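K.L.:
Residue numbers (the working numbering): 4 to 592.
(1) For residue 510, which option in 503, 516 and 520 has the closest C-alpha, if you only look at C-alpha atoms?
(2) Closer than 7 angstroms by C-beta to residue 371: which residues in its own chain qualify, once you throw out the five before and the five after it? Chain order, please.
(3) Roughly how many angstroms separate the alpha carbons of residue 203 and residue 59, rounded to a whole number?
(4) Kindly indicate which residue of 572, 592, 568 and 557 has the alpha-carbon position closest to the one of residue 585.
(5) Helix, strand or coil for residue 77, going by three-state DSSP, please let me know.
(6) If you follow the beta strand (DSSP E) that residue 113 is in, where does it begin and where does it stop?
(7) Residue 257 and residue 186 - do their beta-carbons sit closer together than 8 angstroms?
(8) Helix, strand or coil for residue 380, going by three-state DSSP, please let me know.
(9) Sorted by chain position, which residues of the same chain lie with C-beta nearer than 8 angstroms to residue 582's C-beta, five sequence neighbours on each side aside?
(10) Between 475, 468 and 445, which has its C-alpha nearest residue 457's C-alpha?
(11) My guess is that residue 150 and residue 116 are in contact by the Cβ rule of under 8 angstroms, so how many angstroms apart are they, rounded?
(12) Check residue 208 in the structure and name its three-state DSSP category.
(13) What's the call for residue 380, buried or exposed, on a 16-neighbour Cβ count within 10 Å?
(14) Can you grab the Cα-Cα spacing for the pair residue 109 / residue 101, in whole Å?
(15) In this structure, how does DSSP classify residue 576 when only helix, strand and coil are distinguished?
(16) Curious, which full-length beta strand (DSSP E) runs of at least 3 residues does the stretch 429-501 contain?
(17) Nearest to residue 30 by CA position, among 550, 128, 331 and 62, is which residue?
(18) What number of angstroms, rounded off, separates the C-alpha of residue 184 from the C-alpha of residue 540?
(19) Using a Cβ-Cβ cutoff of less than 7 angstroms, which residues in the same chain neighbour residue 98 once the five nearest sequence positions on both sides are dropped?
(20) Determine the DSSP secondary structure at residue 407, reduced to helix, strand or coil.
(21) Starting from the Cα of residue 478, find the closest Cα among 208, 72, 10 and 359 and give me that residue.
(22) Does DSSP put residue 362 in a helix, a strand or coil?
(23) Below 6 angstroms CB to CB, which residues in the same chain sit around residue 47 once its five sequence neighbours on both sides are set aside?
(24) How would you label residue 312, buried or exposed, when you count the other beta carbons within 10 angstroms and need 16 or more for buried?
(25) Touch check for the stretch 120-139 and the stretch 193-200: three-plus C-beta pairs under 8 angstroms?
(26) Could you tell me the boundaries of the alpha helix (DSSP H) in which residue 27 lies?
(27) When DSSP labels each residue in this structure, what does residue 179 get in the three-state scheme?
(28) Suppose you measure from the CA of residue 575 to the CA of residue 148; what does that come to, to the nearest Å?
(29) Using a threshold of 8 angstroms, state whether the C-beta atoms of residue 533 and residue 449 are closer than that.
(30) Does the stretch 282-292 come within contact of the stretch 322-333, defined as at least 3 CB pairs closer than 8 angstroms?
(31) Strictly by DSSP, which residues pair up with residue 532?
(32) Using three-state DSSP, classify residue 191 as helix, strand or coil.
(33) Return yes when the Cβ of residue 41 is within less than 8 angstroms of the Cβ of residue 152, no when it is not.
(34) Can you check DSSP and say which residues form a bridge with residue 511?
(35) Are the beta-carbon atoms of residue 440 and residue 463 separated by less than 8 angstroms?
(36) Per DSSP, residue 278 is paired with what?
Now the structure itself:
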């Protein structure tokens, strides 16, 4: 008979960590006597990061005494106390390779249902004073699991644990944990997982993403962890020299360059919505300038078209505008990016402002070339007709679509601009405007433009009932950081490290989106730690190569892993949390 050995609770607290402060509820301590278990947690307990922990499907975390014994021996430690792994219930029995998702257990007065394995993050390593712990829990098949509270009630250490129902499909915690976190994703197992009603929504979405990739034949990458469908690997590593064959003014401040292979052979096709990275030397004696530009031309025509807004003080755009002529060459990395047109039967909304039209224009090219029969909406905001790029091109493409719709908004139309033909409404593209257009709520929506534009419209679309998983955005600059539990502070713009760990004799690391090149020193430990020392916006959770939150495009160069990932990233990507450069590298950060 399984037994509840200890009930452990703890409220979130601020803990110093690596020069910052993290807000965490990982410190759980055993309590004596009965405790009321409620729908979201146990009386006296709380979670610091409600995005990664807590909620009805993650109300109670369970860990087993057998795993305690295992880790004491494996780590050579004897300092463990109940709650050491952040669990609420320390139990005898209920092993991860025996308990199934959907199993129901009665403990004391309460009834529980198993919903998912523990999602490992850095905080269990913080509590254990063992940074490798998130990876070890997965690699050794001992994650623990979460319970949903079906019937609230009082529990107490010493209560017997009685299974009242076996979960459908009989899929164990260890089995489904390995299905997500390792590289093996067999279709029958994914389908089994999706037939389990009790599996938490987040894990169901991960299983669907992996199944979708199986359907499309994509074998690289782990979309269940990244949330992004895997794409084919980059067509080449590093940079390739391409020739400029056409230069076109698209508006008062946007111009396009068409690039081709120097030998005239067709360039590998890009996915509609992807971008390329360009390396140039405005000062031949100085450091290179690296910029990324979305491809705006028809995918698959053997050439690449980039469209560039000429910024007043832009080093990259200024160099391209003033100094690049026909038949000049540029160093270009292969197309990359996950802001791509999805292959679904749903309607399509292409929503942009300014030069943000470039990636969605490539999508429109693809839709027109295939004469897609779905409803397609093109919605664009510009200042006026003089700053409205691609307008004739867009009209011609929309005319090829059986169900194409268009709405152009000018924020400050000129006298020469005619309402009804040049534009449909005066003002910016706002949530109110979108509501007036009666867009299909089931549509796949693609947004690109200034950050405030995308943030405002993304929130409004979600509030109006659009599924957030069908709202896709492209950001020109650095992506927003993901640093779970870290207390927000005012961070400066990316910069050279203020206190390098010593003189550097190592390679250079370039953060492309942050326009920063930094010398490497082994004292940084990992590329993630170097980025943090430079205040480059980063994304991470486990910091040990498990969760893939930190997965980043490796545009050029090679890395070595200090700690081997549980599931390696696809070719062309890197997990910065556990890698270091073996030569000069360029990261899409």
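Beta carbons are placed, not taken as given, at the ideal position from N, Cα and C, and that holds for glycine.
What you are looking at is a predicted structure, and each value in this text was computed from that prediction instead of being measured.
P.N.:
According to the structure data:
(1) Stepping through the chain shown from its first residue, residue 510 is reached at position 507. Of 503, 516 and 520, the residue nearest in Cα terms is 520.
(2) As a position in the chain shown, residue 371 is number 368, starting the count at 1. Residues of the same chain with a CB within less than 7 angstroms of the CB of residue 371, apart from the 5 flanking positions on each side, are 400, 403 and 404 in chain order.
(3) Reading the chain shown from its first residue, position 200 is the one you call residue 203. Reading the chain shown from its first residue, position 56 is the one you call residue 59. Their backbone Cα atoms lie some 9 angstroms apart in a straight line.
(4) In the chain shown, the residue the question calls residue 585 occupies position 582. Comparing alpha-carbon positions, the option among 572, 592, 568 and 557 lying closest to residue 585 turns out to be 557.
(5) Looking up residue 77 in the chain shown gives position 74. Three-state DSSP puts residue 77 in a helix.
(6) Here residue 113 corresponds to residue number 110 of the chain shown, with the count starting at 1. 113-120 is the span of the beta strand (DSSP E), which, as asked, contains residue 113.
(7) Taking the chain shown and counting its residues from 1, one reaches residue 186 at position 183. Taking the chain shown and counting its residues from 1, one reaches residue 257 at position 254. Contact flag unset, no.
(8) In the chain shown, residue 380 corresponds to position 377, counting from 1. In the structure shown, residue 380 sits in a strand (DSSP, three-state: E or B).
(9) Here residue 582 corresponds to residue number 579 of the chain shown, with the count starting at 1. The answer, listed in chain order, is 529, 530, 562, 563, 564 and 565.
(10) Position 454 of the chain shown, counted from the first residue, corresponds to residue 457. The option with the nearest alpha carbon to residue 457 is 475.
(11) The count along the chain shown starts at 1 and reaches residue 150 at position 147. The count along the chain shown starts at 1 and reaches residue 116 at position 113. That pair is a contact at about 7 angstroms.
(12) Residue mapping note: residue 208 aligns to position 205 of the chain shown, counting from 1. Residue 208: helix per DSSP, three-state reduction.
(13) Taking the chain shown and counting its residues from 1, one reaches residue 380 at position 377. Residue 380 counts as buried, since no fewer than 16 other beta carbons sit within 10 angstroms of its beta carbon.
(14) Residue numbering aside, residue 109 sits at position 106 when the chain shown is read from its first letter. Residue numbering aside, residue 101 sits at position 98 when the chain shown is read from its first letter. Just so you know, the alpha carbons of residue 109 and residue 101 end up roughly 17 angstroms apart.
(15) Counting from one through the chain shown, the residue named residue 576 turns up at place 573. In the structure shown, residue 576 sits in a strand (DSSP, three-state: E or B).
(16) Listed in chain order, the complete beta strand (DSSP E) runs (minimum 3 residues) inside the stretch 429-501 are 447-451 and 474-477.
(17) The residue you call residue 30 lines up with position 27 of the chain shown. Just measuring C-alpha positions, the residue of 550, 128, 331 and 62 sitting nearest residue 30 is 128.
(18) Here residue 184 corresponds to residue number 181 of the chain shown, with the count starting at 1. Here residue 540 corresponds to residue number 537 of the chain shown, with the count starting at 1. In a straight line, the C-alpha of residue 184 is about 25 angstroms away from that of residue 540.
(19) Here residue 98 is taken as the residue at index 95 of the chain shown, counted from 1. 67 and 69.
(20) Position 404 of the chain shown holds residue 407. In the structure shown, residue 407 sits in a strand (DSSP, three-state: E or B).
(21) Here residue 478 corresponds to residue number 475 of the chain shown, with the count starting at 1. When only C-alpha atoms are compared, the closest one is 359.
(22) By 1-based counting over the chain shown, the position of residue 362 is 359. Here residue 362 sits in helix by DSSP.
(23) Counted from its first residue, the chain shown places residue 47 at position 44. 12, listed in sequence order.
(24) Along the chain shown, one-based indexing puts residue 312 at 309. It counts as buried.
(25) Taking 8 angstroms as the limit for Cβ pairs, the verdict is that the stretch 193-200 does not touch the stretch 120-139.
(26) The residue given as residue 27 occupies position 24 in the chain shown. Taken as a continuous stretch (DSSP letters only), residue 27 belongs to no alpha helix (DSSP H), being part of the beta strand (DSSP E) at 23-27.
(27) Stepping through the chain shown from its first residue, residue 179 is reached at position 176. Here residue 179 sits in helix by DSSP.
(28) Your numbering for residue 575 matches position 572 in the chain shown. Your numbering for residue 148 matches position 145 in the chain shown. Across the structure, residue 575 and residue 148 are spaced so that their CA atoms are roughly 33 angstroms apart.
(29) Translated into positions along the chain shown, residue 533 becomes position 530. Translated into positions along the chain shown, residue 449 becomes position 446. Using a Cβ distance threshold of 8 angstroms, residue 533 and residue 449 do not count as a contacting pair.
(30) Verdict: yes, contact present.
(31) Against the chain shown, residue 532 aligns to sequence position 529. Looking at the DSSP output, residue 532 sits in no beta bridge, so it has no partner there.
(32) Residue numbering aside, residue 191 sits at position 188 when the chain shown is read from its first letter. Three-state result, residue 191: helix.
(33) The count along the chain shown starts at 1 and reaches residue 152 at position 149. The count along the chain shown starts at 1 and reaches residue 41 at position 38. In contact: residue 152 and residue 41 (Cβ atoms closer than 8 angstroms).
(34) The residue given as residue 511 occupies position 508 in the chain shown. Answer by DSSP bridge pairing, in chain order: 522.
(35) Residue mapping note: residue 440 aligns to position 437 of the chain shown, counting from 1. Residue mapping note: residue 463 aligns to position 460 of the chain shown, counting from 1. The Cβ-Cβ distance between residue 440 and residue 463 does not fall below 8 angstroms.
(36) Position 275 of the chain shown, counted from the start, is the residue given in the question as residue 278. For residue 278, which the question treats as bridged, DSSP gives the partners 297 and 339.
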